[in-house]
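All remarks here apply to the structure that follows.
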Amino acid sequence: MKSSAAEAVQLLEKMMLIRAYEEHLASLQASGHFPMTCSPQGQEASAVGVVSALDADDTILTNHRSAGHLLARGADPGRVMAEVMGKATGYCKGKSGSLHISAKELGVVLTSTIVGGELSMVTGVALAKKMLAEAGVVVCFFGDGAACEGIFHESLNLASVWQLPILYVCENNQWQAFVRRKETMAVEYIAPWGNSYAMANQTVNGNDVLAVQAATRHAVAHIKATGTPYLLETWTYRQRGHYSGDNMAHISASEQAPWLVLDPIAQCRQQLTADGTLTPALLADIETRVAAEIARASEFAHASPYPAAAELLTDVYA
Amino acid sequence: MKSSAAEAVQLLEKMMLIRAYEEHLASLQASGHFPMTCSPQGQEASAVGVVSALDADDTILTNHRSAGHLLARGADPGRVMAEVMGKATGYCKGKSGSLHISAKELGVVLTSTIVGGELSMVTGVALAKKMLAEAGVVVCFFGDGAACEGIFHESLNLASVWQLPILYVCENNQWQAFVRRKETMAVEYIAPWGNSYAMANQTVNGNDVLAVQAATRHAVAHIKATGTPYLLETWTYRQRGHYSGDNMAHISASEQAPWLVLDPIAQCRQQLTADGTLTPALLADIETRVAAEIARASEFAHASPYPAAAELLTDVYA
Amino acid sequence: MSEMTLNAAVGQALREEMQRDSTVMMFGEGVALSRADLLTEFGADRIRNTPLSEAIIAGTAVGAAASGLRPVIDMLYAPFLTYAMDAIVNSAGKLRYISGGQFAFPLVVLAQTGAGWGVGAQHTHNIEAWFAHSPGLKVVMPSNAADAKGLMKAAIRDNNPVIMLLDMSLGYNPGEVSDDPDYVVPLGRAHVARAGRHVTLVSYAKTTLTCLQAAEALGQEDIDVEVIDLRSIKPLDIGTVLQSVRKTGHLVVVHEAGPLCGVGAEVLAQVNEQAFSQLKSAPARITSPDVPTPSSYALEQAFLPQVAHVVAAVQKQLGRQTVATASVAM
Amino acid sequence: MSEMTLNAAVGQALREEMQRDSTVMMFGEGVALSRADLLTEFGADRIRNTPLSEAIIAGTAVGAAASGLRPVIDMLYAPFLTYAMDAIVNSAGKLRYISGGQFAFPLVVLAQTGAGWGVGAQHTHNIEAWFAHSPGLKVVMPSNAADAKGLMKAAIRDNNPVIMLLDMSLGYNPGEVSDDPDYVVPLGRAHVARAGRHVTLVSYAKTTLTCLQAAEALGQEDIDVEVIDLRSIKPLDIGTVLQSVRKTGHLVVVHEAGPLCGVGAEVLAQVNEQAFSQLKSAPARITSPDVPTPSSYALEQAFLPQVAHVVAAVQKQLGRQTVATASVAM
Ligand SMILES: Cc1ncc(C[n+]2csc(CCOP(=O)(O)OP(=O)(O)O)c2C)c(N)n1
Ligand SMILES: Cc1ncc(C[n+]2csc(CCOP(=O)(O)OP(=O)(O)O)c2C)c(N)n1
Ligand SMILES: [Mg+2]
Ligand SMILES: [Mg+2]
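Read top to bottom, the protein sequences are chains A, B, C and D.
30 is the number that my numbering gives to position 30 of the first sequence; each next residue is one higher, with no gaps.
1158 is the number that my numbering gives to position 158 of the second sequence; each next residue is one higher, with no gaps.
2182 is the number that my numbering gives to position 182 of the third sequence; each next residue is one higher, with no gaps.
3225 is the number that my numbering gives to position 225 of the fourth sequence; each next residue is one higher, with no gaps.
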């Protein structure tokens, strides 16, 4: 099922919001005195494509590279930025910082920066959904690096044996911190690893937002129809370094160039321009809205207070 | 390549030795006052088939269900039994007990009773072999249960990426302590899990000692020719309970019956009798030798002393 | 009151709490057989076998606890927890804090520990101190059937992750157990197992019994020993310990875990910090030595804290003549 | 002597030991980039990137160490060790004992720890006490470049598993470092970082600097402070501590790790057991509170042991007037 043109423009706007957010953070980081983050730049289509295909009662687990998932889900960029800065107005009262932002009110839960943490907990979230007969599926975003952790094997195996309503989304961005994915596995694709668990799986072009959205809808339908989990691999590329302190000196231009051609936002804009959906005026509108939103967010985050010192000792026990 | 008839009789004798050892232990356990063990009864063909295909410079890692592997490798049943009893003459000076017997002098190293422990360490043993340019392959025996541990995934992936000379032997005995294998995975066979790591693999009838031996020879040749690891699954059955204290009340006769028909020793005897290799006289010879060996072993183990109290504090640091 | 073994008391606690609260459930390797009665009563949804995968068992419990269930997981033997440390320590222990209080983790991690069965260091390792050292967790270790039931029920009702370590050797010990379905032993409250005036012995789990035996022996010498059973390692009821030490002036902590950075070290440190001036002699620890738990029978027996060592430590503190004892165990 | 940062000193130690002994090698996630110079010098066989798989990294090190290599593994941040506990604790720590001495495990586990970088509790957790509590392991934590080099070299040469925890915040601290290729700091030997007569401060890693600052401040009040840098957590050089406490009669232990069952508890306990009668005041601990390491800057700073708290603890012990200080950190 293809999205309508209007919907496609909305997807583009979300991707542009994520990109603008990341570019703003990068500029703050370049000027110093801004906390480090792991940028999902280049992976916007994966985040927006998947999340746009979800319902409100679906739950999301994510990881250290979460900004796209959060913003795609409708998180307030001001509160995300505030959290990154360790401010009291952040989604986690400033206690997370950038690496493990959860926003329970949005259904984005239990974010861990331990690579594989999301794979470890998603089975329990889905088990509760199933046993409490709650609607929806549980989406677990993780990286190609996380797929090398033992917990990947245990998680997918259990999800399959217990028939849990989980959509595993492996964002294969070709890098695992400072190691190339190719150095870490003997095969090219992670989706077929699902076969070991009799789990339906597919690799999709992760830089094509409509393709990702369609694949996600297909996967969610499969989960709902069969009651069994699904492994979706989005094939994409991390355009920035592992984290903002990574100068990328070890990554050649010849490696990056083809991927920059495949930039998800540029491609989407081209397509929508080509088919007449995206006019220059509409694009300008979007750019203005996005810029305003980011400016407002940044102002909010910067103006927000740090947590009071007494917060050091709270939220340890329930 | 088929083994010669004489060789086949040797394999039978080894299997009978293992069986006799296990039966002797079971009788001691039934009479009380003998430590618990995890019996490999029913899996003799897997142990003997694999180990008989190895050279002296090959190294073996095993687990809690190791008696077959040790005896197949030529371990002194007296010292194995002494170790089980915690006697000073055991392979580990009585400090292991039954669960983690290593015998470095035989190339049986680093036995762990943590399920998956052997998978965790085998890569290092093989890495050392490779880097120190030592001859031989490293064989890692593990169960179908261990294959569900995350370390299975990490171990096979690393072995493949680093091209380590490892023969992984998964003894799929249909049980994982008190849980049926079928309850723990969505697929029937573990060998194809090797595909995730581009690792050559095969499932062999684990109750046919000659088939196991042939498959092992094939696998070892593959490892030596390609420098890449191999995953061999031996399809077999644990004829006794998980450990000697397990009364097997939860296992139906109808489950056990077909497997008892497929008993590796009975089958081997039938074949060798049918083709004329095994005469009644020869069989009687073997039985006498085996019985004498076990009697001697038991006498030795029982007569052996316990470690001195001062041993409590030794062997902690090198 | 009914008499039953510690193992049965734990089973009864599970059963009562599962009856009381439909979100309570249990999973682990083989629980469908080890808790066959609960499987029959509550069905395969709430009593679940798992694959052999400790990390995902614990992780699943964490995710489920944050999402409306109250899971109890059976991890079998304490050393197997080494596969599950991320979920327990980094997730259950920290994600409430990291998330600014968005999640709670009402879960119970059960594991067996305690030497005496000859199964060796990879099945027996007293690692309660690890969890005491980790923020956001609670840790309990009962010494008898009544406490096992009461602590199990309290742990299930608690909204935080509780590690409950059961000494294998106590499993078949019988005891009087309350039939009141709301009988709980509050977490963080020690029990004065024997009142006395001259010296304070602090222990938990199996070695509480060692202390009681030592107290009996010392009683023959007119030394009146108070024995405190901590029951909870975290929160630690230092108040009860301090009250006793302020009375007696003498403290010996006894546990089976190794000495270094163990619970005994913590008790000594807190007593020092808060009741130094009331101490009349050097506080002491009797623990197993800092070696892996041996499996060979004689070595394993020597590994355990001995009554004689406790007696000797007390006699030394009180300036009494000390009967010579073997000194392998420190 | 050459001046270099602590990180550079560690790199130099690795380089020298790899030159000296061809069985020394290193692997971990990204070491081919983080140790690019070693990769160039020693090649891809001896400096190896790994997949993101902490459990097999540690397990591989254990297997390799038992088979003739001397691996050093970089586990990045201490909380990631939760994935590798089986290999470290159950295998490296216990298999020598279990096997009756058949194997030795000459390996080094490197990990970063220490608050100050705002990365939060899943990147910063001071868990040295876990390893101290586990048999068969050694643990070192340097406070300066010279010791970092000397301990690294000693750890590589040692025939046992050594956990070396490096405080991130010290990484860029410069110091004078010996050029002697055989300069080692023996494991298990503490260093008197500052001699003094009135009170003994015991610390290690970053908080050694906190203690030195406190000593400086107390010196203004004519309080002559001795500062002991343990350097090795296990084996623990209690002899050097006892010698000092017997002289001063006052003891404060300072560390960034949480209080419960930490190294401070152990030092207090051993001093109690062995030098109780020489103590003139209640020994004290200054540690971080028992909470996950916060990432927000202000909270993280408050989490760290403060110079003011150390000063106040000493003043209290000596009966001096105590300057009021914030009391969030215990
Ligand atoms: C258990 C663990 N190991 C290592 C790290 C350090 N680390 C953080 S992100 C990362 C790379 C993760 O790669 P991948 O899963 O592919 O996700 P990506 O960053 O590419 O999105 C690493 C190594 C960590 N946080 N947790
Ligand atoms: C990490 C760990 N979990 C659980 C156990 C308890 N245990 C010992 S053997 C076993 C079953 C192992 O099954 P499998 O790997 O198939 O080997 P098998 O016993 O069938 O030979 C279990 C659960 C253990 N020793 N280690
Ligand atoms: Mg990646
Ligand atoms: Mg099995």
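All residues carry an ideal CB built from backbone N, CA and C; glycine is no exception.
Predicted, not measured: the structure shown is a model, and the values here were computed from it.
- The DSSP assignment places complete beta strand (DSSP E) segments of no fewer than 3 residues inside the region 81-161 of chain A at 138-143, in order along the chain.
- In the structure shown, Gly2219 of chain C falls within a helical segment according to DSSP collapsed to helix, strand and coil.
- Around the beta carbon of Tyr21 of chain A, a 10 Å sphere encloses 16 or more other beta carbons of the protein chains shown; the residue is thus reported as buried.
- At the C-beta level, Thr234 of chain A and Val212 of chain A come within 7 Å of one another.
- The C-beta distance from Ala2282 of chain C to Phe3276 of chain D rounds to 3 Å, short enough to meet the 8 Å contact threshold.
- For Gln213 of chain A, the uninterrupted alpha helix (DSSP H) run begins and ends at Val209 to Thr226, by DSSP.
- In terms of beta-carbon proximity, Asn1207 of chain B stays away from the interface with chain D, with every pair separated by 7 Å or more.
- DSSP places Met1036 of chain B in the coil class of the three-state scheme, outside both helix and strand.
- Collapsing the DSSP output to three states places Thr1314 of chain B in coil.
- Remark: the C-beta of Gln2317 of chain C is outside contact range of ligand 4, defined as less than 6 Å to any heavy atom.
- Residues with their Cβ less than 7 Å from any non-hydrogen atom of ligand 3, running along the chain, are A:Gly143, A:Asp144, A:Gly145, A:Glu171, A:Asn172, A:Asn173, A:Gln174, A:Trp175, A:Gln176, A:Arg181 and A:Arg238.
- Excluding five sequence positions before and after Ala2064 of chain C, the CB atoms of its chain that fall closer than 6 Å to its own CB belong to Pro2071, given in chain order.
- Remark: the C-beta of Phe3027 of chain D is outside contact range of ligand 1, defined as less than 6 Å to any heavy atom.
- Residues of chain D with a Cβ closer than 9 Å to the Cβ of Met185 of chain A are, in chain order, Pro3051.
- Here Val2199 of chain C is not near Cys2211 of chain C, since their CB atoms are 7 Å or more apart.
- A straight-line Cα-Cα distance of about 50 Å links Tyr3077 of chain D and Ala2217 of chain C.
- For Pro1258 of chain B, the enclosing alpha helix (DSSP H) stretches over residues Ala1253 to Val1261.
- Here Leu3268 of chain D has Pro3283 as same chain residues with Cβ atoms under 6 Å from its own Cβ, once five neighbours each way along the sequence are excluded.
- Taking 7 Å as the Cβ-Cβ cut-off, the region 188-218 of chain A has no residue approaching chain C.
- A distance below 7 Å between beta-carbons, with the five flanking residues on each side excluded, links Gly2030 of chain C to the following residues of its chain, in chain order: Asn2049.
- By the beta-carbon neighbour count (other beta carbons within 10 angstroms, threshold 16), Arg73 of chain A is buried.
- Using a CB distance below 9 Å, the part of the region 97-125 of chain A facing chain D consists of Gly97, Ser98, Leu99, His100, Ser112, Thr113, Ile114, Val115, Gly116 and Gly117, ordered along the chain.
- Judged by the Cβ position, Arg65 of chain A qualifies as a neighbour of ligand 1 at the 6 Å threshold, a heavy atom of the ligand being closer than this.
- Ligand 1 approaches Thr113 of chain A closely enough that one of its heavy atoms is under 6 Å from the residue's Cβ.
- Excluding residues up to 5 positions away in sequence, Met3025 lie with their Cβ nearer than 6 Å to the Cβ of Arg3046 of chain D in the same chain.
- Judged by DSSP in its simplified three-state form, Leu1283 of chain B adopts helix.
- Chain-order list of chain B residues neighbouring Tyr3297 of chain D: empty, with the shortest C-beta distance near 35 Å, by a criterion of under 7 Å.
- By the Cβ criterion, the region 97-105 of chain A is not in contact with the region 120-139 of chain A, since fewer than three pairs of Cβ atoms, one from each stretch, lie closer than 8 Å.
- Set against 6 Å, the gap from the CB of Leu3052 of chain D to the closest heavy atom of ligand 2 is not smaller.
- Looking only at C:Lys2149, C:Ile2057, C:His2123 and C:Val2119, the smallest Cα-Cα distance to Leu2107 of chain C is reached by C:Ile2057.
- Bounds of the beta strand (DSSP E) holding Glu3003 of chain D are Ser3002 to Thr3005.
- Listed along chain D are Pro3135, each with a C-beta nearer than 8 Å to that of Asp2290 of chain C.
- If you look at Cys1170 of chain B, you'll find it in the beta strand (DSSP E) that goes Ile1166 to Asn1172.
- Of the other Cβ atoms in all chains shown, fewer than 16 fall within 10 Å of the Cβ of Lys224 of chain A; this residue is therefore exposed.
- Residue-level contact check: Pro3079 of chain D touches chain C, since one or more beta carbons of chain C fall below 7 Å from its beta carbon.
- Restricting attention to C:Phe2303, C:Leu2299, C:Met2018 and C:Ala2215, the CA atom closest to the CA of Lys2153 of chain C is found in C:Met2018.
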